[in-house]
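Taking the numbering used here, the leading residue of the sequence shown gets 2, the next gets one more, and so forth.
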Amino acid sequence: MNFYEDKILPHLIHAACSQRPIMHLREKVIRLARGQVLEVGIGTGINLPLYNPRKVEFVWGLEPSAAMRKKAQCSIAHSPVPVKWLDLPGEKIPLDDNSVDTVLLTFTLCTIPDWRLALRQMHRVLKPDGRLLFCEHGRAPDAGVRKWQDRLTPFWKPLAGGCHLNRPIQEYIESAGFIIEEIENVYIEHAPRFAGYISYGHAAKKPR
Ligand SMILES: C[S@@+](CC[C@H](N)C(=O)[O-])C[C@H]1O[C@@H](n2cnc3c(N)ncnc32)[C@H](O)[C@@H]1O
Numbered sequence: 002m003n004f005y006e007d008k009i010l011p012h013l014i015h016a017a018c019s020q021r022p023i024m025h026l027r028e029k030v031i032r033l034a035r036g037q038v039l040e041v042g043i044g045t046g047i048n049l050p051l052y053n054p055r056k057v058e059f060v061w062g063l064e065p066s067a068a069m070r071k072k073a074q075c076s077i078a079h080s081p082v083p084v085k086w087l088d089l090p091g092e093k094i095p096l097d098d099n100s101v102d103t104v105l106l107t108f109t110l111c112t113i114p115d116w117r118l119a120l121r122q123m124h125r126v127l128k129p130d131g132r133l134l135f136c137e138h139g140r141a142p143d144a145g146v147r148k149w150q151d152r153l154t155p156f157w158k159p160l161a162g163g164c165h166l167n168r169p170i171q172e173y174i175e176s177a178g179f180i181i182e183e184i185e186n187v188y189i190e191h192a193p194r195f196a197g198y199i200s201y202g203h204a205a206k207k208p209r
């Protein structure tokens, strides 16, 4: 890990991802979390204050970056729910099949290198009646915005910890065996459109 990734990036991501309009969308999905939760790419723990301790037993905080885990210490100390660390990537979730009630994915699918494998792992560990909650930025519907997302991604990726601007979120989630139960797509206020097209909602496992 270089100086930028270790000392600067966690602070930049924390500041960018905790803007008020984004927190408002996070609240809308996290209020649906219940039981045992797996948060994939928990980052600096921005979501932790939003969990309802009457509904959530504990959170598995999966985060491969040591720098992010370090910056999360303060949020964990004040978390309303217990957090158990998993210091592995989403492609290697070390939990049993059908073992968690909720998988939470916020602003992480853009970054996971092998998103197919990671989503299959999330599908594997989610109970049959569990829910995948998501709030992710991704590929915009407007051709002009999409053109810039494709152009900028190669430059953006190394600066933003591997983030892609142009991933089609709904398509990726559905391709891993989930059914979208509810989805809203919005351009977020006060953000450039190439980085501000957000899809949020919830999905269930497709019945076999
Ligand atoms: C933009 S940050 C978002 C953090 C947090 N989810 C949030 O909503 O604020 C992306 C996160 O994905 C994590 N990440 C990167 N590669 C990953 C992988 N293979 N599996 C799981 N998380 C990963 C990064 O370390 C980082 O914490």
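Where a beta carbon is used, it is the ideal one built from N, C-alpha and C, also for glycine.
Note that the coordinates shown come from a computational prediction; the quantities given were computed from them, not determined experimentally.
Item	Value
Is any non-hydrogen atom of ligand 1 found closer than 7 Å to the C-beta of residue 63, if you look at the structure I gave you?	yes
CA-CA distance, residue 4 and residue 45?	18 Å
So what's residue 109 in DSSP terms, helix, strand or just coil?	coil
Do residue 35 and residue 102 have their C-beta atoms closer together than 8 Å?	yes
Using a threshold of 7 Å, is the CB atom of residue 80 nearer than that to any non-hydrogen atom of ligand 1?	no
If the criterion is Cβ atoms closer than 8 Å, does the pair residue 41 and residue 109 meet it?	yes
Could you tell me if residue 187 is buried or exposed, where buried requires 16 or more neighbouring beta carbons within 10 angstroms of its beta carbon?	exposed
Taking residue 58 as part of the alpha helix (DSSP H), name the residues at either end of that continuous run.	Note, residue 58: premise wrong, no alpha helix (DSSP H); beta strand (DSSP E) at 57–63.
Is the beta carbon of residue 202 within less than 7 Å of some heavy atom of ligand 1?	no
Using 7 Å as the cut-off, classify the Cβ of residue 3 as near or not near the heavy atoms of ligand 1, replying yes or no.	no
Which residue wins for smallest C-alpha separation from residue 9, given the options 199, 54 and 161?	161
Out of 38, 52, 18 and 43, which one is the CA nearest neighbour of residue 68?	43
Hey, is the segment 54–68 in contact with the segment 81–98, meaning 3+ C-beta pairs nearer than 8 Å?	yes
Does the distance from the C-beta atom of residue 189 to that of residue 22 stay below 8 Å?	yes
Taking 7 Å as the cut-off, is the C-beta of residue 92 nearer than that to any heavy atom in ligand 1?	yes
Could you tell me how far apart the beta carbons of residue 203 and residue 96 are, in whole angstroms, since I believe they sit closer than 8 Å?	So it is not a contact: roughly 20 Å between Cβ atoms.
Tell me which residue opens and which closes the beta strand (DSSP E) that residue 34 is part of.	Neither: residue 34 is in no beta strand (DSSP E) and is coded neither H nor E.
As an exercise, report each continuous alpha helix (DSSP H) stretch of at least 4 residues that is fully enclosed by the segment 139–179, in chain order.	144–160 and 170–176
Helix, strand or coil: how does DSSP classify residue 192 here?	coil
Under 8 Å Cβ to Cβ from residue 158, same chain only, skipping five residues before and after it: list those, please.	164 and 165
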